[in-house]
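Residue 162 in this note's numbering sits at position 152 of the sequence shown, with consecutive numbering throughout. Backbone N, C-alpha and C fix where the C-beta goes; we use that ideal spot for every residue, glycine too.
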Amino acid sequence: MKLLRYQKGNLPARQGWILNNKVGPIEGSIFSEFHRLEAEEDLQDIKILPPVLPSKIICIGRNYAAHASEHGAEVPEVPLIFLKPPSSVIGNGDTIILPPQSQQVEHEAELAVVIGKKGRWIFPDEAESYILGYTIANDITARDLQRRDNQWTRAKGFDTFCPIGPWIETDFNPTDALITCYVNNDVRQMASTHDMVFSIPQLIAFISSVMTLEPGDLILTGTPAGVSPLKDGDLVRITIEGIGSLENPVKQERIH
Ligand code: MG
């Protein structure tokens, strides 16, 4: 099942679901009890919003060996985690803004886990019951600032640096799905989630031993090799087999 948030005209944002190219509203909460109303709105007549408003976004660094080595880094012995602020989230079709502080902003195509229920000290073998579904994320990174700062908050935290969506797929097998990132139709990244160093159950166990996971929180599971700079006018599209495609235009911010 595909779950999304959407808006029609100036009406309030709603939760919904998709059947073929039609969208229907959902009553209740996607994190507890809900029921689906008839899908009768055309997908092209609504604006797709970010599928969740997370309380936090936990990201995994160097979870694909080939990406770690393209930066001359080793794969860590335990998961390397960092946070992106909720204010960095944008949805499908929204614009990634290149800030004037950086000369090297790069895409990072990633599979994102959407947490479905609150949990702490989750065992790997029970991790699946804490997952609502999966979406696509782009862990946009100011690479020059990341190299300059010991902490990555600035490099990873600018507004618009966390495109997610377009929806949550609840029926998805994350163990061997192809992730592809295109910039203006050129393939830049392509790898299977099979190449992750730490599995999703291992990541959920590790993160929840540090902090409570809340419904709607996102775990960005790391990016494969092939990250590359973005420039004004580019169009980034990330496709994950079994979920769909997340597409965002890129624009340079100008200070007046
Ligand atoms: Mg990343």
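Sequence-distant residues of its chain with Cβ nearer than 6 Å to residue i (five each side left out)
{"i": "GLN199", "result": "ALA119, CYS191, PRO234, GLY236"}
{"i": "VAL207", "result": "ASN73, VAL85"}
{"i": "HIS77", "result": "THR233, PRO234, ALA235"}
{"i": "GLU80", "result": "ALA235"}
{"i": "THR105", "result": "PRO259, LYS261"}
{"i": "LEU245", "result": "ASN194, PRO259"}
{"i": "ILE100", "result": "THR170, PRO173"}
Buried versus exposed call for residue i [16 or more other C-beta atoms within 10 Å across all chains shown]
{"i": "ASN258", "result": "buried"}
{"i": "GLU136", "result": "exposed"}
{"i": "HIS266", "result": "exposed"}
{"i": "VAL197", "result": "exposed"}
{"i": "THR151", "result": "buried"}
{"i": "GLY19", "result": "exposed"}
{"i": "LEU13", "result": "buried"}
{"i": "GLU116", "result": "buried"}
{"i": "ALA147", "result": "buried"}
{"i": "ARG157", "result": "exposed"}
Chain-order list of residues whose beta-carbon lies under 7 Å from that of residue i (same chain, five-residue window excluded)
{"i": "ASP169", "result": "SER97, SER98, ILE107"}
{"i": "ASP186", "result": "SER202, THR203, HIS204"}
Member of the options whose CA lies at the smallest distance from the CA of residue i
{"i": "LEU93", "options": "HIS81, ASN31, CYS172, LEU121", "result": "CYS172"}
{"i": "PRO260", "options": "GLU43, ALA83, LYS241, ILE248", "result": "Residue 260 is actually Val in this sequence, not Pro. With distances taken between Cα atoms, VAL260 lies closest to LYS241."}
{"i": "ILE189", "options": "LEU256, GLU50, LEU223", "result": "LEU256"}
{"i": "MET221", "options": "ILE91, PRO110, GLN262", "result": "ILE91"}
{"i": "ILE250", "options": "ASP149, GLU263, LEU121", "result": "LEU121"}
{"i": "PRO22", "options": "LEU59, LEU155, ASN195", "result": "LEU59"}
{"i": "ILE68", "options": "GLY226, LEU245, VAL246", "result": "GLY226"}
{"i": "PRO89", "options": "PRO95, ASN102, ILE70", "result": "ILE70"}
{"i": "GLU263", "options": "LYS127, PRO109, GLY243, SER238", "result": "PRO109"}
Residues near residue i by beta carbon distance below 8 Å, same chain, minus five either side
{"i": "LEU53", "result": "ILE28, ASN31, LYS32, VAL33"}
{"i": "PRO211", "result": "PRO134, ASP135, ALA137, GLU138"}
{"i": "PHE182", "result": "GLY143, TYR144, GLY252, ILE253"}
{"i": "ASP159", "result": "ALA165"}
{"i": "ILE155", "result": "In the sequence on display, residue 155 carries Leu and not Ile. Hits under 8 Å: GLN111, SER112, ARG164, ALA165."}
C-beta neighbour in chain D for residue i, strict 7 Å
{"i": "ASP135", "result": "The question asks about chain D, but that chain is absent: this structure has only one protein chain."}
I want to know whether the region 207-221 touches the region 129-144 - three or more CB-CB distances under 8 Å. yes
Touching by the beta-carbon criterion (3+ pairs, under 8 Å), the region 137-144 and the region 167-182: yes
What does the shell around the ligand MG hold, if a residue joins when its beta-carbon is under 5 Å from any heavy atom? GLU118, ASP149, THR233
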